[in-house]
Amino acid sequence: LGVLVRPFVQLDISAPGELARATNGEQYDIVLINDAMMHMTLADVGSTLQGVNALARDAKTRYLVANDHPYERRGSNPNRDIVRGHWRPLPHEAALLPDAHRFRQVRRAIR
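Next up, the structure:
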């Protein structure tokens with residue numbers, strides 16, 4: 001049993017079907033999204049999560065590993081929309097994730 005690590009690719013993960021095209025129907029255990037979603041519009045975050053869900057359904061991808069930035073500056077709001085490429089805090093327990101309480105429990109357990 002070996003581990004296959006695919007090379008880094010740059011793509012617009014928020015474009016519909018882009019993640020599926022990039023994986024060519026291959027099965028992956030983990031999708032890693034690092035320092036991306038806090039620079040996306042809310043619509044792009046939604047599209048990205050839909051793409052990850054499609055991989056979970058179609059390619060049997062089991063895990064999403066993504067980082068968050070819960071730091072909040074004065075006046076910052078993780079649920080306000082931004083211009084693509086700008087930055088906002090994006091705590092995963094924001095309203096973007098339906099099972100946020102489970103995420104918090106897991107995060108506390110691994111600290």
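The numbering of the sequence shown is the numbering used here, which starts it at 1 and goes up by one. Beta carbons are placed, not taken as given, at the ideal position from N, Cα and C, and that holds for glycine.
(message) Could you tell me the alpha carbon to alpha carbon distance between asparagine 67 and asparagine 53, rounded to whole angstroms?
(response) Position 67 of the sequence shown, counting from 1, holds the residue named residue 67. Position 53 of the sequence shown, counting from 1, holds the residue named residue 53. Using only the alpha carbons, I get a separation of about 17 Å.
(message) Going by DSSP in three states, alanine 36 sits in which element: helix, strand or coil?
(response) Within the sequence shown, the letter at position 36 stands for residue 36. Residue state, collapsed to three classes: coil.
(message) I'd like to check one pair, threonine 48 with isoleucine 33: are the Cβ atoms closer than 9 Å?
(response) To locate residue 33, count along the sequence shown from 1; it is residue 33. To locate residue 48, count along the sequence shown from 1; it is residue 48. The answer is yes: Cβ separation under 9 Å.
(message) So, at 6 Å on beta carbons, what are the nonlocal neighbours of leucine 64 in its own chain, with the 5 sequence-adjacent residues on each side left out?
(response) As a position in the sequence shown, residue 64 is number 64, starting the count at 1. Answer for leucine 64: Val31 and Val52, listed in chain order.
(request) Taking 9 Å as the cut-off, decide whether the C-beta atoms of methionine 38 and aspartate 44 are in contact. (result) Numbered from 1 along the sequence shown, position 38 holds the residue referred to as residue 38. Numbered from 1 along the sequence shown, position 44 holds the residue referred to as residue 44. No, these two residues do not count as a Cβ contact at 9 Å.
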